[in-house]
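*Asks:* Here it is, the structure in full.
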């Protein structure tokens, strides 16, 4: 069990180092982490999404996403377009200014991620992702059990 604990500590340390890198980039460009992740998600996505879909994708509270979107809309980087259905069902998309911003601020991150990943062999990437997802699934089951206790 001691080795398992050490591996968990090591994993968490690496995770926080990753988070710090993303945070540093967001700060460099003057964005909150949530704003930067929204821009990243929209830049790398291929279709407009709703605020609710963004909140789910980013595992971030809806109000936090709403606040970040409101600021990005105010600054001219995003647009909201009504979709069929409820009044609050609006598609979030990058404006032309938002695209230009992402080319300057998000594209370097995407390229860095891709360059770093490309330095790992295809087999190692596939194994890494499979093990990472497997670990997540086991962890999710453990957390679900804790959350269900004493309900």
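Numbering (our numbering), first residue to last: 136 to 286. Even for Gly, the Cβ is constructed at its ideal location relative to N, Cα and C.
Drop a sphere of 10 angstroms on the beta-carbon of residue 253, count the other beta-carbons inside from all chains shown, and report buried for 16 or more, exposed for fewer.
*Replies:* On the chain shown, residue 253 is found 118 positions in, with the first residue counted as 1. Exposed: under 16 other Cβ atoms inside 10 Å.
*Asks:* When the Cα atoms are used, what is the spatial distance from residue 232 to residue 212?
*Replies:* Within the chain shown, numbered from 1, the residue matching residue 232 stands at position 97. Within the chain shown, numbered from 1, the residue matching residue 212 stands at position 77. Going by the C-alpha atoms only, they are around 5 angstroms apart.
*Asks:* For residue 193, tell me which candidate among 181, 205, 170 has the shortest Cα-Cα distance.
*Replies:* For the purposes of this step, residue 193 is taken as residue 58 along the chain shown, with counting starting at 1. Looking at the Cα atoms, 170 is the closest of the given residues.
*Asks:* By DSSP, does residue 179 sit in helix, in strand, or in coil?
*Replies:* As a first step, residue 179 is located in the chain shown; it is residue number 44 there, counting from the start. Helix at residue 179.
*Asks:* What are the partner residues of residue 225, as DSSP defines its beta bridges?
*Replies:* Translated into the one-based positions of the chain shown, residue 225 becomes position 90. Bridge partners of residue 225: 217.
*Asks:* Can you pull the DSSP bridge partners for residue 241?
*Replies:* As a working note, residue 241 is residue 106 in the chain shown. None; residue 241 has no bridge partner.
*Asks:* List in chain order: all unbroken alpha helix (DSSP H) runs of 4+ residues lying wholly within the segment 140-169.
*Replies:* Taken in chain order, no unbroken stretch of alpha helix (DSSP H) lies wholly in the segment 140-169 with a span of 4 residues or more.
*Asks:* Within 10 Å of its beta-carbon, does residue 207 have 16 or more other beta-carbons around it, so buried, or fewer, so exposed?
*Replies:* To locate residue 207, count along the chain shown from 1; it is residue 72. Result: buried.
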